[in-house]
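Residue numbers (full-length UniProt numbering): 1 to 681.
See below:
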């Protein structure tokens, strides 16, 4: 599902205006205690205007409402992008007749009447009416409506590529699909609800930040509304000090409480989910995105993630007394009917190295022996020759069962290839071991550097593979992972995740098969491949629509960026409030304990603002405008750089802490100059 709009598409901005006004509803504002406090202040000031008003009080009240509108606008823009994506998804959802199969007979029914367990027939040109599993057949399916990729994908019964999504179209052949979703609860329905924010809930980190912001708000409410008693006491003691009006007290409160981060926190969370969606990853909740940011252990499959996944024959190693050409010839014969990438690469290597052409077997009594999980060998029976190629241990047992022996030289070569990270295949003709084929799985370019980036963030990577320990160790060393699991079973994965979690770590992993479902459900972040089974997609808390296992690294970086953005803007907001104190407090209390017209607090008036009223109004205006200024950063996220927690804290304090402290001074001064020049105060 590819993005179809820019971050500030004029249509999206227009679409966010009306929701910004609707969010002024107190039932909506109540969910954000900081902004609800501002809402109460704006309502109270508006009510007071009917009794008495001045130009200063009217402007102050207007800017309080603008502060609320700007905060609402930030959230509305983030939501509008999700709604735009949801609209494009709704356009894909069409009511289509389904060819339901009952006792071998087809009947046409509406897709809305299908229930889990129903079986439907889908042929070339048909739209798949509901989510399901392929129970019979194989077909090409166009999933571009969901993934945005134009290339069709293969869906077949059995294995880990059996799940199909309602709304996609069959391109060729015929399949039977067993429905797995209820009406209105399909994958597409859930995508729509998630991207438009309908099912979004506050995450634990947002809740913790909310507690902090509420605590600060309560403290400042108590401080501000005890000031009249304080100034009244000073006045009675002859120390001067004019009791501030309710308008001024509300302005002071709005400037003191953390309105900047309070107005942006929701937009930050929504945009984090949106950034993942634009990478074609569907997160079931904001909690999953945040968990990705806190991950410190990554479990990754070797094949297709760390390596290219297609092992290729690299060279032939003949046994003593055997020429390399004879070995290549036998290996090619054993691979002629092998349609796997490995088998085809053996045929090509034999052709390129020794100019061997395929034998004419049409007139000969040749019998091809396919590979099976039980024999772990494949080959050919031809002209009295029994040629086999396969795993070393399987070939050894085959040779010994025929009365032959397995030479030590071949065993040593097998060990050497395994230690080098390759996969050895032994070739035998009857009982004679001819030699070993070296298959090599290529480590992806740049993967070592990506793991180094994760290590800088304090994340430990664990490679999972079914290879033997020697091969696994060699690949792990070449790829630069921190640890590996060799000969891993689904039960081993689940146990490893539990052990890491028991040690206090947060774990992420990817999977696509039904046997991965327990581990995906156990992991803190379980990323299921869209090409995988329905069980895997239901078990994970994220679905990768592109089915690219390496995207797990991008997911972690997106989660980190979300947390960094929230932390950075919180730092900026709190530092920003400190600077605003120097603008508004001296203006309010310059006459306290005054001697010759000025009091000791006048020394804090370092900006030399035009007047107390101008200082107060300038601070309130700046407080509102800074929310608008930070919306792009909240939506885009801060610039991401891998670093540990200590470095991140220093960076936040230097850039956003110092920036938040300095920015208000020129900002408020500029607004004060504009107000005084235009005689607005």
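Each residue gets a CB set at the ideal place from its N, CA and C atoms; glycine is no exception.
{"Asked": "Kindly identify the DSSP beta-bridge partner or partners of residue 464.", "Found": "301, 485"}
{"Asked": "Run through the UniProt domain \"P-type ATPase A\" (96-196) for me and flag every whole alpha helix (DSSP H) of 4 or more residues, listed as ranges in chain order.", "Found": "144-147, 187-195"}
{"Asked": "Thinking residue 380 and residue 334 are a contact (beta carbons under 8 Å), I'd like their distance in whole angstroms, please.", "Found": "6 Å"}
{"Asked": "Could you check what DSSP says for residue 607 in three-state terms: helix, strand or coil?", "Found": "coil"}
{"Asked": "Rounded to the nearest angstrom, how far is the Cβ of residue 178 from that of residue 132, given a contact under 8 Å?", "Found": "5 Å"}
{"Asked": "Run through DSSP, which three-state label would residue 314 get?", "Found": "strand"}
{"Asked": "Whole angstroms is fine: what's the gap from residue 522's alpha carbon to residue 630's?", "Found": "37 Å"}
{"Asked": "If you measure between the beta carbons of residue 274 and residue 506, is that distance less than 8 Å?", "Found": "no"}
{"Asked": "Check this for me: beta carbons of residue 56 and residue 627, under 8 Å apart or not?", "Found": "no"}
{"Asked": "Should residue 679 go down as buried or exposed, given a rule of 16 or more other Cβ atoms within 10 Å for buried?", "Found": "exposed"}
{"Asked": "Note down the Cα distance separating residue 322 from residue 436, rounded to an integer number of angstroms.", "Found": "11 Å"}
{"Asked": "Measure the alpha-carbon distance for residue 108 versus residue 546 and round it to whole angstroms.", "Found": "32 Å"}
{"Asked": "Apply the 10 Å Cβ neighbour rule to residue 398 and answer buried if 16 or more other Cβ atoms are within range, or exposed otherwise.", "Found": "buried"}
{"Asked": "Flag this pair as yes or no: are the beta carbons of residue 566 and residue 265 separated by less than 8 Å?", "Found": "yes"}
{"Asked": "Whose C-alpha, out of 476, 458, 459, 457, is nearest the C-alpha of residue 465?", "Found": "476"}
{"Asked": "For residue 378, which residues does DSSP report across the bridge?", "Found": "389"}
{"Asked": "Determine, using beta-carbon pairs with one atom in the stretch 614-621 and one in the stretch 244-259, whether at least three such pairs fall under 8 Å.", "Found": "yes"}
{"Asked": "Hey, how far is the Cα of residue 272 from the Cα of residue 494?", "Found": "29 Å"}
{"Asked": "Taking the alpha helix (DSSP H) that residue 414 belongs to, which residues open and close that run?", "Found": "408-419"}
{"Asked": "Inspect the beta-carbon positions of residue 538 and residue 640 and report whether they are closer than 8 Å.", "Found": "no"}
{"Asked": "Does the distance from the C-beta atom of residue 130 to that of residue 215 stay below 8 Å?", "Found": "no"}
{"Asked": "What would DSSP say about residue 368, mapped onto helix, strand or coil?", "Found": "strand"}
{"Asked": "Please report how far the alpha carbon of residue 344 lies from the alpha carbon of residue 312, in whole angstroms.", "Found": "9 Å"}
{"Asked": "Report back the beta-carbon spacing between residue 328 and residue 353 to the nearest angstrom; my notes put them in contact at under 8 Å.", "Found": "6 Å"}
{"Asked": "In whole angstroms, what is the alpha-carbon distance linking residue 114 and residue 106?", "Found": "14 Å"}
{"Asked": "Identify which residue in 348, 152, 31 has its Cα closest to the Cα of residue 210.", "Found": "31"}
{"Asked": "Give me the residue from 485, 66, 205, 110 with the minimum Cα distance to residue 562.", "Found": "205"}
{"Asked": "What would DSSP say about residue 38, mapped onto helix, strand or coil?", "Found": "helix"}
{"Asked": "What does a CB cutoff of less than 7 Å around residue 232 pick up in its chain, not counting 5 residues either side in sequence?", "Found": "243"}
{"Asked": "Using the three-state DSSP reduction, which class does residue 673 fall into: helix, strand or coil?", "Found": "helix"}
{"Asked": "State buried or exposed for residue 280, treating a residue as buried only when at least 16 other CB atoms are found within 10 Å of its CB.", "Found": "buried"}
{"Asked": "Using only alpha-carbon positions, find the residue among 480, 478, 462, 504 that is nearest to residue 488.", "Found": "462"}
{"Asked": "Decide yes or no for the touch test of the stretch 449-463 against the stretch 406-426: beta carbon pairs closer than 8 Å, at least 3 of them.", "Found": "no"}
{"Asked": "Would you mind stating whether residue 668 and residue 583 have Cβ atoms separated by less than 8 Å?", "Found": "yes"}
{"Asked": "Using the C-alpha atoms, what's the distance from residue 332 back to residue 367?", "Found": "15 Å"}
{"Asked": "Roughly how many angstroms lie between the CA atoms of residue 481 and residue 410, to the nearest whole one?", "Found": "30 Å"}
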